DNA sequence: CATACTATTCACGAATTTGTGAAACTTATG
DNA sequence: CATAAGTTTCACAAATTCGTGAATAGTATG
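Residue numbers (the numbering used here), protein chains in the order written: chain A, 1431 to 1592; chain B, 1431 to 1592.
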């Protein structure tokens, strides 16, 4: 069967790639991810090296250096991207992590802890013996459950793929 | 040990409850949840009945009926809340679902399917044999993995609590 | 330590999102 | 079927987020 894939000899279809970048980035931003960070992240995903310089990102996405700076800071903070300093050059490279999906979930962990803490305050304000307090405590236990189970799930993924 | 919990005989500390509602709603909205929907949702959580009329929500949150209308529509759409019509009255009641956390994750399922579809297009645009195409396909498999595993995880939660 | 190149910060304007009041629409009851 | 209670829609205003250009700060090399 002949594929619809691009002819490697002619290089890839950058227009189709750009379409994909915008589309997948939009998917992400609809899930609550900052828009520019999503675009930068997907741009990194579609490079063979899995890494770019800020200038390359700014050029391929047609955005300012400032926008790239903010986006990579966010991506590094949430653990999806690492910064690399090349010894022979003064420009940084930004690389998607090999274990990015593992990291993405590990990060959630801290969020759950914080939510559990907030929920404990809620239970205390309502009274643990009330129906509302009990519901809130169940919610807290749910996040506790996720915090225990998600790492196991990621281990399973690693065992299967990583 | 004496608790800091409110004296049930005096009713609960509505000020403390309101503080909790705003705080937990903020936690949610930071995770990409619409702000007003988060406030309405948490308001429902802290009622003993687990349900409110639109008027009660508007009053306790100090917002317009229109804002409540938009928020409950969103919450119903994502499966966290159900609408109830009381036969003896003409006002609706909005209720948090018992299995709300199960539903919250079931909803994710469709999102993952959609993402997998987008990713397949990306793999095709890049060529499956390229490094970038291969990375994208691994990402697709990750979502496929989650789609298979999360229902199992929710079953485990149900077995333990639900 | 001067220079050239890269990255970040900041104030501003643009665009999007969010919430409101008023009007229109629904639905149950007399 | 008229009325009143409740809900939704819609245009607009307020608030927030987002991206830019210009200025500032940082860093490797000669």
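Cβ coordinates follow ideal geometry from the N, Cα and C atoms, glycine included. Just so we're clear, the structure is a prediction, and the values are computed from it rather than from any experiment.
If you drop the 5 nearest sequence neighbours on each side, which residues of the same chain put their C-beta closer than 8 Å to that of residue i?
i                       : result
residue 1534 of chain B : 1508, 1509 and 1510
residue 1522 of chain A : 1483, 1484, 1513, 1514, 1515 and 1516
residue 1464 of chain A : 1501 and 1504
residue 1494 of chain B : 1488
residue 1476 of chain A : 1447, 1450 and 1451
residue 1539 of chain A : 1577, 1580 and 1581
residue 1587 of chain A : 1531 and 1532
residue 1518 of chain A : none
residue 1431 of chain A : For residue 1431 of chain A, the predicted structure reports a pLDDT of 49, less than 50, and the residue's modelled location is therefore unreliable. The matter cannot be settled from this model.
Can you list, in chain order, the residues of its chain whose CB lies under 6 Å from that of residue i, leaving out five sequence neighbours each side?
i                       : result
residue 1573 of chain A : 1542, 1545 and 1546
residue 1532 of chain A : 1584
residue 1468 of chain B : 1455, 1458 and 1459
residue 1557 of chain B : 1563
residue 1530 of chain B : 1510
residue 1497 of chain A : 1466
residue 1570 of chain A : 1546 and 1549
residue 1580 of chain B : 1535
List the endpoints of the continuous alpha helix (DSSP H) containing residue i.
i                       : result
residue 1559 of chain A : First-last for residue 1559 of chain A: undefined, no H or E at that position.
Looking only at its own chain, which residues have a Cβ that is under 7 Å from the Cβ of residue i, when we skip the five neighbours before and after it?
i                       : result
residue 1454 of chain B : 1472
residue 1486 of chain A : none
residue 1444 of chain B : none
residue 1552 of chain B : 1566
residue 1462 of chain A : none
residue 1537 of chain A : 1508 and 1509
residue 1490 of chain A : 1473
Write down the C-beta distance between residue i and residue j rounded to the nearest angstrom, noting that I regard them as a contact closer than 8 Å.
i                       : j                       : result
residue 1414 of chain A : residue 1555 of chain B : An answer regarding residue 1414 of chain A cannot be provided, because it is not within the stretch 1431 to 1592 covered by chain A.
residue 1562 of chain B : residue 1478 of chain A : 5 Å
residue 1589 of chain B : residue 1525 of chain B : Contact flag wrong, Cβ pair sits at about 24 Å.
residue 1568 of chain B : residue 1591 of chain A : 7 Å
### Query
At what residue ranges does the region 1457-1529 of chain B contain a whole run of the alpha helix (DSSP H), taking only runs of 4 or more?
1465-1475, 1484-1491 and 1495-1507
### Query
Taking a cut of 8 Å between CB atoms, which residues from the region 1539-1572 of chain B lie near chain A?
1541, 1544, 1545, 1548, 1549, 1551, 1552, 1554, 1555, 1556, 1557, 1558, 1559, 1560, 1561, 1562, 1565, 1566, 1568, 1569, 1571 and 1572
### Task
Below 7 Å between beta carbons is the criterion; list the residues of the region 1439-1472 of chain B that meet it against any residue of chain A, in chain order.
1442, 1443, 1446, 1447, 1450, 1453, 1454, 1457, 1461 and 1462
### Task
Return the residues of the region 1471-1495 of chain A that lie within a Cβ-Cβ distance of less than 9 Å from chain B, sorted by chain order.
1472, 1475, 1476, 1477, 1478, 1479 and 1480
### Message
Beta carbons nearer than 8 Å to chain B: which residues of the region 1504-1520 of chain A have them?
### Response
none
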